[in-house]
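Protein chains in written order, with this note's numbering: chain A, 21 to 364; chain X, 21 to 364.
Right under this line is the structure:
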């Protein structure tokens, strides 16, 4: 059965906006006015507004040959919500700007917005505005996310103190290994288009790459436990890079312990299959969107038994010293290696 | 003297962000936290937050062969501020997302941000965040602007009542005629690269196209006069298109008078030179970024002598009737013609 393909020009710009937004309802009490006017209105009495914005460009941030549009829509929202989580804020609203070249049909746009809608429901955010426009080349997505926080609850990158405990949620390196698998299968497919991608044994890591979650669950739990981290960031570029951000902005160093770094078994096994060092993948692989934060020693009791919060090190006095105690009990300096130095 | 060209890769992503943001200081009392964390913080106690977002793509919204990067930076901010003005709000902050292909040098990025900085100063807005990323093709700019308004002062598109007076600021059609001149000079240049562009006699209309202003001056004056329009929109697509927006969202019709439509002499003369009907250019040419608003008859006295506010018609009972009384006293229906039907 041939899939239906409707040209965007059949709807026109305003028709497309109506078509896209018809499923989006305002649910947040703070959303006073949404799509359809010159701007949106938010009422924020007594709270602070938290705002973040990210742009995703085809060919740079995503590859549509293995990234389904629905997942892309979800991920574009989730990575912005993750930035709000990293401020200890609760998401409220998003604005979505999309640039579409004429190779995209209305059905393709619908898939993208289905993912955006799923994310809106998952994180309880209202779509309140944005811009839909033609693009000369490829797909462009720019999202602004707005959240809310009580003034004394906002957590910056700059608040870590020496002896604070460094915590990380979930596990690390999986999104990076998922990307390696997807890139390999793409190369196999390009060489022999009859080959079907072999992804069954890599379900978890592929999911982590294609459809990451913002850890709002952790933010809710921390609030329930009345725990405000001293500093926080989300892991988009890689653990080491984010540790440097916390340290530089807080004026502290950090020591971490290799044996405390959380790794999923699938990440571990796949790294070996690819002849990569699993620890290096966890230290420098990006896009996990887990939360990295510091807590005061006094707060340790509140989370010490949490199954998904891992205590990987501590902040130190010397602001120029960032190191790791290896499994072999050597102390090695941490280096933000970026994406080119991952070969074991 | 050869101009200096510095590759963006020499600075790196974080170096580029530091380089760009070093001149931007926070001036707004509501800007609690700006660039450099996961998100920005705004404190808005007692007021509503107004948010709008727009995306500009190379090859669709601008042509760098005649658009200087500095003007583009200014315009990208101004068009978003214009949306805040159209809500009767005062601008506070912006976030700027930029995608850059490798044909852009650090010096080119500096020009773009010089324009953004000039706009920040002109409209007293703080740059509080954004994203700078590589682009596979061309320049992408996505801006989010945040403003503030007291809850009873926000003006929507939907508040016009029958017999309200329809007002427009400034003059119309100039930005469209400026574009015609720039396109003609570009064609001349492409045919004969030794020809210099002839723009002296078109200074005003070219300026209107390249560097439009948001009419915040009018918003301040309306506040001083304690006049809250009943509905408002800014003119980005063209007068007729915006009149339809006000009418459809307010449930009213509109009648306008051709002889009341404000035209600058340069627009008028250039239209004749191009064999275009000046009224048609004013009705359907876009990008003037003037304000179109309705006021109650009771408020007419407050602005009747204002030199830059023109009373071009009124809202009517019949929500399906949009017409114009011509200079020859005929009544003709208004039609949103878009950009393809402007030939006289």
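Glycine is no exception: its CB is placed at the ideal position from the N, C-alpha and C atoms.
Predicted model, so just to flag it, every value in this text is computed and none were measured.
Residue 197/X sits in a helix when the DSSP states are folded into three classes.
Within the stretch 64-124 of chain X, the complete alpha helix (DSSP H) segments at least 4 residues long are 89-105, listed from N- to C-terminus. In the DSSP assignment, no residue is bridged to residue 326/A. Considering only beta carbons, the part of the stretch 83-108 of chain X lying closer than 7 angstroms to chain A consists of 103, 104, 106, 107, in chain order. Rounded to the nearest whole angstrom, the CA to CA distance from residue 145/A to residue 247/A is 24 angstroms. Apart from the 5 residues on each side of it in sequence, residue 330/X sits with its Cβ closer than 7 angstroms to the Cβ of 187, 188, 280, 282 in its chain, given in chain order.
For residue 139/X, the enclosing alpha helix (DSSP H) stretches over residues 126-143.
Taking a Cβ-Cβ cut-off of 9 angstroms, residue 122/A has no neighbours in chain X, whose nearest Cβ is about 11 angstroms from it. Against chain X, a Cβ distance below 7 angstroms from residue 68/A picks out 52, 61, 62, 63. Check the Cα spacing between residue 85/X and each of 50/X, 208/X, 228/X: the tightest is with 208/X.
Counting only residues of its own chain and dropping the five nearest sequence neighbours on each side, residue 122/X has no CB closer than 6 angstroms to any other CB. Excluding sequence positions up to five before and after residue 31/X, its CB lies within less than 7 angstroms of the CB of 39, 126, all in the same chain and listed in chain order. Take the alpha-carbon of residue 25/X and the one of residue 124/X: they are about 9 angstroms apart. Counting the other Cβ atoms within 10 Å of the Cβ of residue 94/X gives 16 or more, which makes it buried. Under the DSSP assignment, residue 273/A falls outside any alpha helix (DSSP H), being part of the beta strand (DSSP E) whose first and last residues are 273-277. Under the 10 Å beta carbon count, residue 271/A is surrounded by fewer than 16 other beta carbons and is classified as exposed.
In this structure residue 23/X is exposed. Its beta-carbon is surrounded by fewer than 16 other beta-carbon atoms within 10 angstroms. For residue 165/X, there is no enclosing alpha helix (DSSP H); the residue is found in the beta strand (DSSP E) stretching over 160-169. Distance from the CA of residue 78/A to the CA of residue 229/A, rounded to the nearest whole angstrom, comes to 16 angstroms. The alpha-carbon of residue 130/X is positioned some 18 angstroms away from that of residue 148/X. With respect to the 9 angstroms criterion, residue 204/A and residue 253/A are not classified as neighbours on the basis of their beta carbons. Neighbours of residue 164/A in chain X, taken as residues at a C-beta separation under 7 angstroms, are given in chain order as 73, 115, 164. Contact between the stretch 101-116 of chain X and the stretch 208-222 of chain X is absent: fewer than three C-beta pairs spanning the two stretches fall below 8 angstroms. Neighbours of residue 253/A across chain X, judged by C-beta separation under 7 angstroms: 58. Scanning the stretch 205-286 of chain A for uninterrupted beta strand (DSSP E) segments of 3 residues or longer gives 251-254, 273-277, listed from N- to C-terminal end. Look at residue 154/A here: in three-state DSSP terms it is strand.
For a Cβ distance threshold of 8 angstroms, residue set 75, 77, 80, 81 of chain A lies close to residue 153/X, ordered along the chain. With contacts defined as CB atoms closer than 9 angstroms, residue 73/X and residue 164/A qualify as a contacting pair.
Residue ranges of uninterrupted alpha helix (DSSP H) with 4 or more members, entirely inside the stretch 289-325 of chain X and ordered along the chain, are 298-304, 320-323. When secondary structure is reduced to three states using DSSP, residue 46/X falls in the coil class, being assigned neither helix nor strand.
Per DSSP, reduced to three states, the secondary structure at residue 343/X is strand. The C-beta of residue 49/X comes no closer than 9 angstroms to any C-beta of chain A. In the DSSP assignment, the residues bridged to residue 353/X are 343/X. The C-alpha of residue 308/X lies about 43 angstroms from the C-alpha of residue 233/A.
The CB of residue 160/A comes closer than 9 angstroms to the CB of 75, 77, 119, 155, 160, 162 in chain X, given here in chain order. Per DSSP, residue 192/X has no beta bridge partner at all.
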